[in-house]
Amino acid sequence: MPKTSDKLIVTLFVSFLGGMMLINLLTPDRAFSERENRYLARRPELRVDNIISGRFSRQFEEYITDEFAGRDRWVLAKADIERALLRTENNGIYFGRNGFLFEHYREPGAALDTNIRQLNRFAQLAGELPVHMLLAPNSIAVYPEYLPRYATVYDQLAVKEKVAAEIEPAIEFVSVHGALREYRDEYLYFRTDHHWTMRGAYYAYAKLAPALGFTPLPLSDFTAEIVSTEFWGTYFSRANNRWLESDTIEILRPLNPISVDVWFNDREGRYNKLFFTHHLDTRDQYSLFLDGNHPQTIITSDVGNGKKLLMFKDSYAHVLIPYLTAHYEEIHVIDLRFFDRPLAAYLEEEQFDQALFLYNISAFSRDNQLVRFR
């Protein structure tokens with residue numbers, strides 16, 4: 009006969025499971041997690057083809073995981089336990105020194121080779137158009153000394169060298185790693201996010217300028233303004249370490265302002281600004297810069313030199329583009345993940361003076377949709 013204590017344990021366990029199921033059924037689904045800064049899985053459709061293919065079971069598991077009642081508290085509890093056990097990694101994020109979080113960067117797969125091939129394809133398509141490539145290192149490559157002991161990460165500099173060696177000679181590769189290391193004591197990267205700061209982007213701009221054929225404005229030509237002292241980025245959302253200090257966001261404004269006209273192909277209206285401060289009231293404060301991701305952005309400035317730049321980018325470019333408005337009358341900013349126009353016709357129509365690819369190493373080496381041409 010089962011002991012009374014065994015029956016009690018079973019009863020309590022079944023009651024707990026039943027209670028959690030009831031709470032989950034009564035709790036409204038959430039579309040977005042502010043703490044994790046991502047969209048949550050939706051309830052899958054119960055269709056015959058989904059069941060046969062196995063998609064329904066996979067999607068339902070993701071849905072239950074994301075919509076579990078009290079998820080944010082459970083996620084925080086897990087992170088606290090990880091830190092209490094002195095573990096140096098949680099959800100693919102390392103806890104580094106000086107408050108830095110780092111991505112557990114792994115050896116790239118096929119996506120890197122795909123993106124290199126796409127770059128070379130563009131070089132052939134571009135003909136005589138000068139093409140440049142800036143592959144921005146992530147914080148893990150600029151501050152490797154801040155990694156926890158025994159952290160095993162793949163060398164981003166090896167990826168940079170591979171790309172530089174395998175792209176067409178017609179593409180001028182610009183390395184900014186040395187410049188960033190030189191100024192590493194400054195606030196070049198957010199500690200809790202995967203992006204560099206506007207100050208970090210300045211040193212990349214200064215290194216890029218000679219390759220593009222102009223003299224960069226000195227840092228003394230800009231004034232610094234702190235617009236947020238409570239920014240927690242994507243690394244924080246994944247690591248969920250509640251004890252970390254927030255980042256600050258700094259804008260560098262030119263002492264001699266440049267008038268701009270900004271147009272987004274997926275938005276009504278035009279804008280005379282590069283910084284969209286309403287995003288400071290949201291979790292995604294980095295979208296302050298150029299209003300986040302858009303398939304196509306056209307920026308016209310009053311520099312009056314007639315120069316046109318075509319720029320293919322990820323979000324690392326958003327904090328560097330403001331510097332370029334002092335040197336180009338027109339900048340076309342393209343996110344190839346969402347841009348659906350045939351590129352050959354676009355090049356013929358616009359007659360650009362230069363083309364620039366600007367991506368961060370982590371994204372370029374893992375996202376095979378980042379560089380795709382129609």
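If you're matching positions, the sequence shown starts at 9 in this note's numbering and goes up one per residue.
We treat Cβ as the ideally placed atom computed from N, Cα and C, and that holds for glycine.
message = Within 10 Å of its beta-carbon, does Arg105 have 16 or more other beta-carbons around it, so buried, or fewer, so exposed?
response = exposed
ask   = Roughly how many angstroms lie between the CA atoms of Tyr197 and Tyr279, to the nearest whole one?
value = 28 Å
ask   = Between which two residues does the alpha helix (DSSP H) carrying Asn368 extend?
value = Segment Gln362 to Asn368 is the beta strand (DSSP E) holding Asn368; no alpha helix (DSSP H) there.
task = Have a look at the DSSP bridge pairing and note the partners of Ile139.
result = Here residue 139 is Val; the residue named in the question, Ile, does not match the sequence. Answer is Ile179 and Ala363.
query = When burial is assigned at 16 or more other CB atoms within 10 Å of the CB, is Asp229 buried or exposed?
reply = exposed
task = Taking 8 Å as the cut-off, decide whether the C-beta atoms of Val268 and Ser309 are in contact.
result = yes
message = By the three-class DSSP mapping on this structure, what secondary structure does Arg380 have?
response = coil
query = According to DSSP, is Pro262 helix, strand or coil?
reply = strand
inquiry  = Judging by CA-CA distance, which residue of Tyr191, Arg199, His202 and Tyr354 is the nearest neighbour of Ala212?
reply    = Tyr191
inquiry  = Which same chain residues end up closer than 6 Å to Tyr331 when comparing Cβ atoms and leaving out the 5 residues on each side of it in sequence?
reply    = Tyr213
task = Would you mind stating whether Asn123 and Asn313 have Cβ atoms separated by less than 8 Å?
result = no
ask   = Buried or exposed: which applies to Met29, given that a residue is buried once 16 or more other Cβ atoms fall within 10 Å of its Cβ?
value = Any reading at Met29 needs caution, since the residue's pLDDT is 49, under 50, leaving its predicted position unreliable; the model's value is listed next. The residue is exposed, with fewer than 16 neighbouring Cβ atoms inside 10 Å.
task = Counting only the same chain and skipping the five closest in sequence on each side, list residues whose C-beta sits under 6 Å from that of Arg157.
result = none
Burial state of Lys281 (16 or more Cβ within 10 Å) = exposed
For Glu357 and Tyr151, the rounded distance between their alpha carbons = 43 Å
message = Taking the alpha carbon of Asp144 as the reference point, which residue from Leu378, Arg374, Val379 and Ser370 has its own alpha carbon closest?
response = Checking the displayed sequence, the identity of residue 144 turns out to be Ala instead of Asp. The residue with the shortest Cα to Cα distance from Ala144 is Ser370.
request  = Could you please give the first and the last residue of the uninterrupted alpha helix (DSSP H) stretch that includes Asp193?
outcome  = First-last for Asp193: undefined, no H or E at that position.
key: Boundaries (first-last residue) of the alpha helix (DSSP H) holding Ala210   = Reading off the sequence shown, one finds Tyr at residue 210, where the question assumed Ala. Segment Met206 to Leu220, the alpha helix (DSSP H) holding Tyr210.
task = Check Phe347 in the structure and name its three-state DSSP category.
result = coil
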